[in-house]
Amino acid sequence: MRPATKKHGSGAAMRATVVVRKGKAKGGRAGIGLMHMPAVGPIRGLAMLMVLAMLAVAVSVSFAMIRSALVEELLTSRRSSDFEARQAADTGASLALKRLAADPGWIPDPNPLTGSLGNDRSFSVEVQISDEGRGRQIRSVGQVGGEGGEGKAVERTLLVALTKQPTDVQPQAAIMAFRGSGVGVRLRANMRVDGDVWARSTVKIQQGVQLDGQVRERAQFGLGWSEVKPHKLTRYWTPGGDEYHSYDLAAIGPGNGVGDGYGSGNGADDDFEGDGDDGEGDGEGQSTITLRNIVLGPGSDNPRGVYFFDGTIVLENNVLLEGTLVATGNIIISGSDIHLAVVVPAGGSGTGDPAGS
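All letters in the sequence shown, in the order written, are residues 32 to 388 by the working numbering.
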């Protein structure tokens, strides 16, 4: 054998870096063939496959996480809306309870409290108070919605056992009219009212009326007045707890400053210029009584001077009343020289409920 030459030595050196394929090349001679992939190629290819597989898994997991996050966001949003609605209702009930504790005759605003939460959600809270025997029922409804204003309403109801206070069962308005629609009270110029005016529907006041008091339209009137029955308007209590009954105007009768009324109810205030309503049908379908040239006031059996009529009361001319005028229908002023003044006992304040429980 021939000793190795430098060429073979170089070939030996090459074998350290390449894969040598021994065999016969074309022409029957042995040769050296270089493969297209380095020695680490199979491992690197496997690694690339593993990387691709991991990417596929990662993408799948990412989409699952995104979907989960979206679902969680939706669920969180729904829970948040419900929670905020419950919180709004609870807050309304809590505030109402505090107000009632400080003032048993307190009446909440009949209009819901509305506002924005600052996160594209609006809220509303409506509080109602009714009389439940010797206790009070506080009904608070909270609602939270999106920009469209729609949202789930949550109601909270509290039944609170509070002792009735004297100011809670006394008439403390000069006029109380319980017609449920239209104009319940019409006041004419050149008349005077010293006291509040309450109407279950609306109040129309002509320019020139002297009113020293507040007007409550569509008010709840206080406890026991939300669903008034005529017999409940005939009694009240004094600060000492004594029960008294109001005077029924129908029992006074003609000849004592009481007329037969208008019958149809039309013409009670035809010259209310520009009010868009001439009084047509104000007393229609109801009993109507007319007061004229009469002075009414308190008595020993009616110290608050409460006068009640199951129907519509029309004050025509020269009527002086010291007390409270109560009607299940309308109260209409059609003439002049009318003066109504509520009787407020010493230390009395606020609004009350002549109906009691």
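All C-beta atoms in this analysis are idealised placements derived from N, C-alpha and C, irrespective of residue type, glycine included.
Proximity to residue i [Cα-Cα], best of the options
i	options	result
residue 343	357, 353, 333	357
residue 279	340, 228, 120, 158	340
residue 137	127, 187, 323	127
residue 240	337, 226, 336	226
residue 337	322, 362, 207	207
residue 319	335, 362, 349	362
residue 249	274, 142, 317	142
residue 145	161, 119, 125	119
residue 151	140, 176, 130	176
residue 351	222, 283, 274	222
Residue i Cβ short of 7 angstroms to the ligand COA heavy atom set
i	result
residue 282	With respect to small molecules bound, the structure shown includes none, and the ligand COA cannot be examined in it.
Which of helix, strand or coil DSSP assigns to residue i
i	result
residue 184	strand
residue 117	helix
residue 147	strand
residue 123	helix
residue 130	helix
residue 369	strand
residue 220	coil
residue 138	coil
residue 108	With a pLDDT of only 48 at residue 108, under 50, the local geometry of the prediction cannot be trusted, and no value is derived from it.
residue 309	Interpretation of residue 309 is limited by its pLDDT of 39, a score under 50 that renders its predicted location unreliable; no figure is taken from the coordinates.
C-beta contact flag for residue i and residue j at 8 angstroms
i	j	result
residue 173	residue 154	yes
residue 347	residue 366	yes
residue 330	residue 353	no
residue 187	residue 121	yes
residue 276	residue 333	yes
residue 243	residue 224	yes
residue 159	residue 190	no
residue 218	residue 364	yes
residue 183	residue 116	yes
residue 238	residue 220	yes
residue 321	residue 205	no
residue 267	residue 323	no
residue 113	residue 185	yes
residue 203	residue 345	no
Endpoints, the beta strand (DSSP E) within which residue i is located
i	result
residue 236	233-236
residue 358	355-358
residue 364	362-364
residue 265	Element bounds for residue 265: n/a, residue is neither H nor E.
residue 247	246-248
residue 274	274-276
residue 389	A query on residue 389 cannot be resolved here, the shown segment of the chain reaching from 32 to 388 and no further.
residue 243	241-243
residue 228	228-230
residue 374	From DSSP, residue 374 is part of no beta strand (DSSP E); its letter is neither H nor E.
Residue i, enclosing alpha helix (DSSP H) - first and last residue
i	result
residue 204	Residue 204 -> no alpha helix (DSSP H), and no H or E assigned at all.
request  = Decide yes or no for the touch test of the stretch 207-218 against the stretch 228-235: beta carbon pairs closer than 8 angstroms, at least 3 of them.
outcome  = yes
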